[in-house]
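Protein chains in written order, with the working numbering: chain A, 1 to 150; chain B, 151 to 300.
We treat Cβ as the ideally placed atom computed from N, Cα and C, and that holds for glycine.
Here's the structure, in structure tokens; my notes come after.
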DNA sequence: TTCATGATTTGAATATTATTCTAATATATT
DNA sequence: AATATATTAGAATAATATTCAAATCATGAA
């Protein structure tokens, strides 16, 4: 007997979902064929990127959430774009933004606990030409991906 | 003729999607009834909070993305939890976290442009007993909600 | 305005897929 | 080992998305 959850979680984290046309139709007081037409349009013109699940991250071993402000150092040979692209490849990094001001990149990281975060930081943040970091640990995730937790 | 897009976007931002059981089943080399059983289990025990869409936020008038670090001031009568809860109610705030360190709350805000952000900041950040803020503007959103943009 | 063109909506028919139910198998507990 | 519980599987059904053709609406040109 195989434990399907990890595989399901990995797939649903990024996709493998679909809009409920009939639900949208009834909520918007429209015909389902009309909603279907509009949604497909948004998919084709790139307005909609994906359909995915939002999890209770505490229940999938990613309850420890950290924001890391990253500075690259002026004389660095790697551009922020390159470093950001490298960071984006990590599955436990939820978001990567190149920002203005004193820091160059901000990332949001999800790990099981502080120990796993420490391993991540050792492995990832030492590489990639990162000079300086400032860490903000989330004690309470009140809202995530537009979803209010509770 | 009504423009359905705003309504569809609002609903898909938080929900109105469903997992594609058969897609999961084929990718995981399992029977769809088995996947169905496991997914329902995760829904019922709260592991899965919702199924939603991810957008190209530039195309839905939310291309301007800002992280705001918030400090509340020691003698404040409102707790971080209360302020965070109030902030979470705003539809254009993607995430709200209560964090450790020199700042108390970090939020991620989406607006159309800097002008709309200014209106938001005037309206929201002046209320709620917020003492000091530090703003990081995203010049490039490389990854969002686990989805790499491109 | 009227006409013509393209875009959006609609309804009916069909195809897919989720869901239900029952049975079988695996896992855990005593 | 024996019983109870949890998970997987198959067949039948229900629900829903999708397709297609036709109707309606919106737009711009004459």
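CA nearest to the CA of residue 298 (chain B), picked from A:125, A:88, A:11, A:119: Taking the first residue of the second chain as 1, we reach residue 298 (chain B) at position 148. Comparing Cα positions, the closest option is A:88.
Cβ contact (3+ pairs, closer than 8 angstroms) linking the stretch 35 to 49 of chain A and the stretch 87 to 105 of chain A: no
Contact list for the stretch 274 to 291 of chain B against chain A, Cβ threshold 9 angstroms: 284, 285, 286, 287, 288, 289, 290, 291
At least 3 beta-carbon pairs within less than 8 angstroms: the stretch 65 to 73 of chain A vs the stretch 131 to 143 of chain A: yes
Environment of residue 155 (chain A) [buried if 16+ CB atoms lie within 10 Å]: Beyond the ends of chain A as shown, which are 1 and 150, falls residue 155 (chain A); an answer cannot be given.
Strand pairing of residue 140 (chain A), partner residues [DSSP]: In the first chain, residue 140 (chain A) corresponds to position 140, counting from 1. Its beta-bridge partners are B:248.
C-beta neighbour in chain A for residue 261 (chain B), strict 7 angstroms: Within the second chain, numbered from 1, the residue matching residue 261 (chain B) stands at position 111. With 7 angstroms as the cut-off, residue 261 (chain B) does not count as an interface residue toward chain A.
Opposing strand residues paired with residue 69 (chain A) [DSSP bridges]: Along the first chain, one-based indexing puts residue 69 (chain A) at 69. Its beta-bridge partners are A:106, A:134.
Residue closest to residue 240 (chain B), alpha-carbon to alpha-carbon, out of A:32, A:16, A:142, A:14: One-based indexing of the second chain puts residue 240 (chain B) at position 90. The shortest C-alpha separation from residue 240 (chain B) is found at A:142.
Straight-line Cα distance separating residue 23 (chain A) from residue 31 (chain A): Position 31 of the first chain, counted from the start, is the residue given in the question as residue 31 (chain A). Position 23 of the first chain, counted from the start, is the residue given in the question as residue 23 (chain A). Roughly 10 angstroms between the two C-alpha positions.
Where residue 97 (chain A) falls, given that 16 or more other Cβ within 10 Å makes a residue buried: What you label residue 97 (chain A) is simply residue 97 of the first chain in a count that begins at 1. Residue 97 (chain A) is buried by the Cβ-count criterion.
Which of helix, strand or coil DSSP assigns to residue 47 (chain A): Counted from its first residue, the first chain places residue 47 (chain A) at position 47. Coil, per DSSP.
Outcome for residue 117 (chain A) when other beta-carbon atoms lying within 10 angstroms are tallied against a minimum of 16: The count along the first chain starts at 1 and reaches residue 117 (chain A) at position 117. Classification for residue 117 (chain A): buried.
Pairwise C-alpha distance: residue 156 (chain B) and residue 82 (chain A): In the first chain, the residue the question calls residue 82 (chain A) occupies position 82. In the second chain, the residue the question calls residue 156 (chain B) occupies position 6. Distance between the alpha carbons of residue 82 (chain A) and residue 156 (chain B) is about 35 angstroms.
Residues that DSSP places opposite residue 205 (chain B) in a beta bridge: To locate residue 205 (chain B), count along the second chain from 1; it is residue 55. Bridge partners of residue 205 (chain B): A:48.
7 angstroms Cβ cutoff, residue 28 (chain A) in contact with chain B: As a first step, residue 28 (chain A) must be located in the first chain, where it is residue number 28. With 7 angstroms as the cut-off, residue 28 (chain A) counts as an interface residue toward chain B.
Where the stretch 174 to 198 of chain B meets chain A: residues whose CB sits under 8 angstroms from a CB there: 174, 177, 178, 180, 184, 185, 188, 189, 192, 195, 196, 197, 198
Alpha carbon of residue 178 (chain B) to alpha carbon of residue 274 (chain B), nearest angstrom: On the second chain, residue 178 (chain B) is found 28 positions in, with the first residue counted as 1. On the second chain, residue 274 (chain B) is found 124 positions in, with the first residue counted as 1. Distance between the alpha carbons of residue 178 (chain B) and residue 274 (chain B) is about 46 angstroms.
CB contact below 7 angstroms: residue 151 (chain B) versus chain A: By 1-based counting over the second chain, the position of residue 151 (chain B) is 1. Answer no: the Cβ-Cβ gap between residue 151 (chain B) and chain A never drops below 7 angstroms.
Interface residues of chain B facing residue 16 (chain A) [CB-CB closer than 8 angstroms]: Taking the first residue of the first chain as 1, we reach residue 16 (chain A) at position 16. Residues of chain B passing the Cβ test: 169, 170, 173, 174, 177.
Residue-level contact to chain B via CB, residue 146 (chain A), 7 angstroms cutoff: The sequence position of residue 146 (chain A) within the first chain is 146, counting from 1. It does; some Cβ of chain B falls within 7 angstroms.
Under 9 angstroms from the C-beta of residue 234 (chain B): neighbouring residues of chain A: To locate residue 234 (chain B), count along the second chain from 1; it is residue 84. What residue 234 (chain B) touches in chain A: 140, 142, 143.
Same chain, Cβ closer than 7 angstroms to residue 264 (chain B), five either side skipped, listed in chain order: Walking along the second chain from the start, residue 264 (chain B) turns up at place 114. The answer, listed in chain order, is 214.
Buried/exposed call for residue 111 (chain A), threshold 16 Cβ in 10 Å: Looking up residue 111 (chain A) in the first chain gives position 111. Residue 111 (chain A) comes out buried.
For residue 161 (chain B) and residue 202 (chain B), the rounded distance between their alpha carbons: Counting from one through the second chain, the residue named residue 202 (chain B) turns up at place 52. Counting from one through the second chain, the residue named residue 161 (chain B) turns up at place 11. Roughly 8 angstroms separates the two Cα atoms.
Any chain B beta carbon closer than 7 angstroms to residue 79 (chain A): Mapped onto the first chain, residue 79 (chain A) falls at position 79. Chain B contact via Cβ: absent.
Test item: CB-CB of residue 164 (chain B) and residue 120 (chain A) under 7 angstroms: As a position in the second chain, residue 164 (chain B) is number 14, starting the count at 1. As a position in the first chain, residue 120 (chain A) is number 120, starting the count at 1. No, they are not a contact pair.
DSSP three-state assignment for residue 147 (chain A), whether helix, strand or coil: Within the first chain, the letter at position 147 stands for residue 147 (chain A). Looking at residue 147 (chain A) - three-state DSSP - the assignment turns out to be strand.
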